[in-house]
Each structure stands twice: as C-alpha cells, then as structure tokens.
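There are 2 protein chains.
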Amino acid sequence: MEKIRRNERMSAMMRHLSAHPNRIFTLNSFCEMFGSAKSTMSEDIDLLRETAEMFSLGSIETVTGAAGGVRYRPVVSPEAARKIISELCAELSGSERVLPGGFLYYSDILSMPDTVNRMGEILATVYYDREPDFVLTMETKGIPVAFATANALGVPLVIARHSSKVYEGSAVNINYVSGSGSIETMSLSRRAVKENQKALIVDDFLKGGGTARGMVELMREFNVSVIGTAFVMATAEPEKKRISGARALMTLKIREGEPAEAVVTPADWL
Amino acid sequence: MEKIRRNERMSAMMRHLSAHPNRIFTLNSFCEMFGSAKSTMSEDIDLLRETAEMFSLGSIETVTGAAGGVRYRPVVSPEAARKIISELCAELSGSERVLPGGFLYYSDILSMPDTVNRMGEILATVYYDREPDFVLTMETKGIPVAFATANALGVPLVIARHSSKVYEGSAVNINYVSGSGSIETMSLSRRAVKENQKALIVDDFLKGGGTARGMVELMREFNVSVIGTAFVMATAEPEKKRISGARALMTLKIREGEPAEAVVTPADWL
C-alpha cells in the first residue's frame, strides 16, 4: 500500500469520526484503514484532538478499557450556543410571525438542516453525560430536532404517535390531558423500546407541559426512566409546567397589541 | 497567529465542509480562518479532494464563478449503496417483522441516525444534479429520511400535514384518494414554499401511490415543479403506481403462508 500521509489520515479520520457522532472507533480499525502502526494512530489522534479544540470543532476523546478507542462529540461551547440561539431569537421576534390565537409561525426554523443540526448539537452537549439510550419525541414538528439530537448522541430516535398504527404491531396506548384541557391519546409500539432503558425527551414546543407529561407517563408504562426533557421553545406563561426540570433553548412571550409582538429570548442557562 | 500546519488546516476544513453538505465555502473564508494565502488553500483543497476520493468519503468540488468556492457532497458510490441497502434488506426480510394485514414493522430502521443518514446520502447522490430547492415529505415516518436527504442536499425540509394547524398560518388544503380508496386531506402552510421552486419528494413507503400523487398535486397548487419522487421502500404490487418515475431503495413482497414471509430486495437501479 502506498504510504498514506499524516494530513490524509487525519482528514479521513475527521470525516469518519464526525459522520458517526459518539460512536467509539477502535485504534485497530484505523490501523487497518491506513496500514499504520498503533503508535502512529495515537499521534494522529492527539493532533486531531488539538485541532478540534483549536478550531472549536467539537471534542475528540479517547475512551480507555476493553471496548475503548476514540470518539467524536459535536459539543458546542456555551459562547457558541448563545450566539446561535441569539441569532435565532432575533429572527423569530417581532410581529411578522405572530398568528391568531397568540401562536408563532416557526415551522421553517424547525426544518432547516443547518439550524436544526446546531440545535441538536447544543442539546446533546447538555445530555452526553447522562448517557440516554434513545431520544423520544411526539409527532410531528419536533421530529427533525429530535432526530438531530439523537444523531449527535449516537442513539436511535423513537417517535410516539397520536394513535396506534397498523404498521407498528402491538402498542401501548395512554391518555393524557393536553394544554387545552382535552383528553388526548398517545401510542408507542411495544417493539420500540426495552425495559430499563434511559430516555431523553426532545420536542419543539412547551406550553403547559401536558404532552410532555404524557410522554413521561408513556415511558413509565415501558419501565423506562426519563433522564431529561428538552425543547426548542417554551412559553413564559404558564410559569409552572406540568413536568419539572424541563429545559428549552428559547423563551416566548407574546405582547398583546395592534399588531401583537413576539418577544423571543435565549434561555437563562445558555 | 501561530503558524497552522497543513494537517490541521485539512482536518478542520474537512469538518467544516462536511458539517454543511452542498454549501459553497469561498476560498477567502478559509484564508481568514487559517491566516493563509489563497495559493496555500488551493493546494490544501486539492489534497483534500484526493483524500476524499482515496477513502470514498464523498466528493469535494471546486465551483468556479463569482459565487464560487469549494463544497462537499456526501456522494455514495453505487457499490457502497448496494452494500448498505443489501444489508438492510437482509435485516428486514423473513417472518419476524410481518404484521397482520401484510404490513412490515420497520419503524426502527427509519429512525436510526446512522442508517437514515446513509439512506439520505444515497438519495441525495441521485438528485444533486436536478438542484431541488427543498425536500417535501408527508408526516410522519418518512420525516427522518426526508430530513437526512434535505441535509445532504443542503436544502430545507418541508412537511405536509394531514390537516391544517393553528400554528401554521393560512394554508392550502387539498383532497386526495389514499391507497385504501378513502378521501384524505393534505395541508401545507402558504408560507412554506415559494412559486416556481423545485421540489424533491421523499417518503418512507410507496404502495399504490395515492399519497405521493397527493403531494405532487399539492405542489401543483403552489406552482412548484417536482423533480423527483423517492422512497425507502416500495411494494412490488401493485406494479403500476399512481405516480410515474418513482424511485425506491428497496422492494417489498409478502409471501403468504404460516408464517407469512417478507422478501425485501434492493431496487434494480442500485
């Protein structure tokens, strides 16, 4: 095999690692890929780690032990997160996006891959240490962000539905009280999750917390613990939500008036 | 600024380019990032292009002209695509996933980030040249794959809904005939797309093509042309679909029996 240069090895490794966030690659797998010795790969990884730090490209970590190796996590620094979310808030604030009933039109934001991927990375940064086994969301608008978060965490996405579907097999159905006080149903295929797993709930919008509460109770039915509940946007009112410990990237207030005005601000913890 | 080495510049560029698929980065932006001359960046890019080719990491292309620069496309070779899809087919075939009514349980596959990202890259590879302005899908199970395809294409994802929503503003609603012959509705916010744009339709499942046909007609209402319709899985029967030119990654046949058996095969074009 023609000798492969360091800059080629490092570039290729960067792509492989970042294409599979949070997955552990053994040193051996890279040794085979490049026909290099372990000591050479070790040096490459040290240099790559420094490069990632230097340019704020996420973190490259060595994991020790039998199942050890190297992994990439697209962590976002607090400064970078604040900048990204502040820019989003500026885009969303004002009168143009306010809809009748005090709703905000922001579906476009929730479906732009660049924006969604950055939001997913910001959320994953918060929850890496709690090691969720999967991300849970409710159909529909939160699915892209939940998927991006699951991608950054290297875990599957599980989607709860409003009703059971013929193509999902036997399912667990629960009832929950929605924000408007109506009784709604939520359904999840029995095949979707395993007992004793850890779930991270990610959704687009938090108002009263009825749907989020429903998802928490759905997980209880599966004997799965919820290690966090995260949202793109939470309304300032009501202050007390029906779940505790919820974390949102942005807060929404609608100022009444002609025209009404949306005031969207970054969350305090950013 | 301390002199930044080639291997550091190339690794950082690889991450930046692949974090924003199909986006054009000007040479100047990299010159600023690294404090390097244009000629240096040009050499770096040539080396990066060769590295990407050598290790089948996608393609790095120089785009000439006023709005020119360099971009990364996560293209997948036909051989790699066939291997990925064949492995999926093996996983999905057999009796374990067959549900009453001849349905197949594969929601798990549709929500695993690694798998979904590879499927999105395979589909994007097909459609780069037609330059869609956005990807359109219908809620719900196809959203992750449609998002991954949109991400690889560097364009927004647009999600059509079953009914109009309070948080979407004024919408266009159409009726369409579903596979089972019932009349269904499909809705899309007026704000979601612009006239004269080009749409790529991506969804999880194609059986009769009623829903796909609905999406094509929805786009007609917006004066948007459809440059392709792509699916994760299409049933072998009925052979004639209600849309023409549909492309699927896999074909599904259910063999009756005790137990019934799913035969999932890679599409011919792979």
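As you go down the protein sequences, you meet chains A and B in turn. For the first sequence, the tail end lands on 311 under the working numbering, and the numbers increase by one without skipping. For the second sequence, the tail end lands on 311 under the working numbering, and the numbers increase by one without skipping. Here a beta-carbon is modelled for each residue, glycine too, at the ideal position from N, C-alpha and C.
In terms of residue numbering, what span does the beta strand (DSSP E) encompassing residue i cover?
i: M274 (chain B); result: S266 to T276
i: L198 (chain B); result: L198 to A201
i: F263 (chain B); result: Unbroken run through F263 (chain B): none, as it is neither H nor E.
Are the beta-carbon atoms of residue i and residue j separated by less than 9 Å?
i: P154 (chain A); j: M153 (chain B); result: no
i: N192 (chain B); j: N158 (chain A); result: yes
i: K282 (chain A); j: A303 (chain A); result: no
i: V265 (chain B); j: E236 (chain B); result: yes
i: L259 (chain A); j: V213 (chain A); result: yes
i: I268 (chain B); j: P173 (chain B); result: yes
i: V243 (chain A); j: V186 (chain A); result: yes
In the DSSP assignment, what are the bridge partners of residue i?
i: K294 (chain B); result: B:V304
i: R171 (chain B); result: Answer is none; R171 (chain B) lacks a bridge partner.
i: A287 (chain B); result: B:T270
i: Y217 (chain A); result: A:E225
i: I101 (chain A); result: A:Y113
i: T178 (chain A); result: A:I200
i: I150 (chain A); result: None, per the DSSP bridge assignment.
i: L241 (chain A); result: A:V176 and A:G269
i: S230 (chain B); result: B:A212
i: V139 (chain A); result: A:L145
If we define contact as Cβ-Cβ less than 9 Å, is residue i a contact residue for chain A?
i: I295 (chain B); result: no
i: R112 (chain B); result: no
i: I312 (chain B); result: Past the edges of chain B, shown from 42 to 311, lies residue 312 (chain B), and the structure says nothing about it.
i: G142 (chain B); result: yes
i: F71 (chain B); result: no
i: A303 (chain B); result: no
i: E180 (chain B); result: yes
i: E236 (chain B); result: no
i: F263 (chain B); result: no
Give a yes or no on whether the minimum CB-CB distance between residue i and chain B is below 9 Å.
i: R47 (chain A); result: yes
i: F96 (chain A); result: yes
i: M74 (chain A); result: yes
i: D4 (chain A); result: Look at the range of chain A in this structure, 42 to 311, and you will see that residue 4 (chain A) is not part of it.
i: M260 (chain A); result: no
i: D174 (chain A); result: no
i: L133 (chain A); result: no
i: L198 (chain A); result: yes
i: Y208 (chain A); result: yes
i: E102 (chain A); result: no
i: S252 (chain A); result: According to the sequence provided, residue 252 (chain A) is Thr. The question's Ser does not apply to it. It does not: the Cβ of T252 (chain A) has no partner Cβ on chain B nearer than 9 Å.
i: P185 (chain A); result: yes
i: T226 (chain A); result: no
i: H188 (chain A); result: Note on identity: in this sequence residue 188 (chain A) is Phe, with His being the wrong assignment. Chain B, which has a Cβ nearer than 9 Å to the Cβ of F188 (chain A), makes this yes.
i: P119 (chain A); result: no
Over the uninterrupted alpha helix (DSSP H) stretch that includes residue i, give me the two end residues.
i: T92 (chain A); result: K79 to M95
i: V186 (chain B); result: I184 to L194
i: I125 (chain B); result: P119 to L133
i: M66 (chain A); result: According to the sequence as given, residue 66 (chain A) is Phe; it is not Met. F66 (chain A) -> no alpha helix (DSSP H), and no H or E assigned at all.
i: H61 (chain B); result: No alpha helix (DSSP H) contains H61 (chain B), which DSSP labels as neither H nor E.
* Contact the stretch 129-142 of chain A vs the stretch 191-211 of chain A: 3+ CB pairs below 8 Å -> no
* Asked: Below 8 Å, can you find three or more Cβ-Cβ pairs linking the stretch 77-93 of chain B to the stretch 45-53 of chain A?
  -> yes
* Taking one C-beta from the stretch 109-121 of chain B and one from the stretch 62-80 of chain B each time, how about it: are there three or more such pairs within less than 8 Å? -> yes
* Asked: Does the stretch 218-230 of chain B come within contact of the stretch 157-174 of chain A, defined as at least 3 CB pairs closer than 8 Å?
  -> no
* Asked: Are the stretch 259-277 of chain A and the stretch 286-300 of chain A in contact at 8 Å, needing three or more beta carbon pairs?
  -> yes
* **Cβ pair count under 8 Å reaching 3, the stretch 170-184 of chain B against the stretch 136-146 of chain A** => no
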